[in-house]
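Here's the structure we're looking at; comments come further down.
Residue numbers (this note's numbering): 3 to 147.
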């Protein structure tokens, strides 16, 4: 297993399918090149202080280390996003949630189910609203021609 370190890799994984548990979210993406699975960890400031964020990150890293690559597919990138619940969650329960999340991402029927849990969006979030174009109002400050 290798680590993800570049922001572009994290952003690319965010566009792929995702599966969530109470303590974390797993994002996944298939890379064009083969190779071992790569994994990245991120914990937002909303989770807590630096001490708490580092504790969540350490728990996530240990959880992945103990899986010994089971369930992680070669040629894939994974990003684990830690949640505040990871501070108090029993470690065994976190491991079960991680195995279940990987099964949802790569198990039988994962092609359709994964798209329903965070796959590529049909349209940009900024394109929401009325499908008709906006009407331009005439400028009131211009004299009539």
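Note that the Cβ used here is the ideal one computed from N, Cα and C, for glycine as well.
Item                                                                                                                                                : Value
Let's test the definition: count the other Cβ atoms within 10 Å of the Cβ of residue 84 and tell me whether it reaches 16, buried, or not, exposed. : buried
Starting from residue 84, trace the beta strand (DSSP E) both ways and give me its first and last residue.                                          : 78 to 84
Suppose you measure from the CA of residue 32 to the CA of residue 99; what does that come to, to the nearest Å?                                    : 21 Å
I'd like to check one pair, residue 88 with residue 62: are the Cβ atoms closer than 8 Å?                                                           : yes
Among 56, 103, 80, which has the Cα closest to the Cα of residue 13?                                                                                : 80
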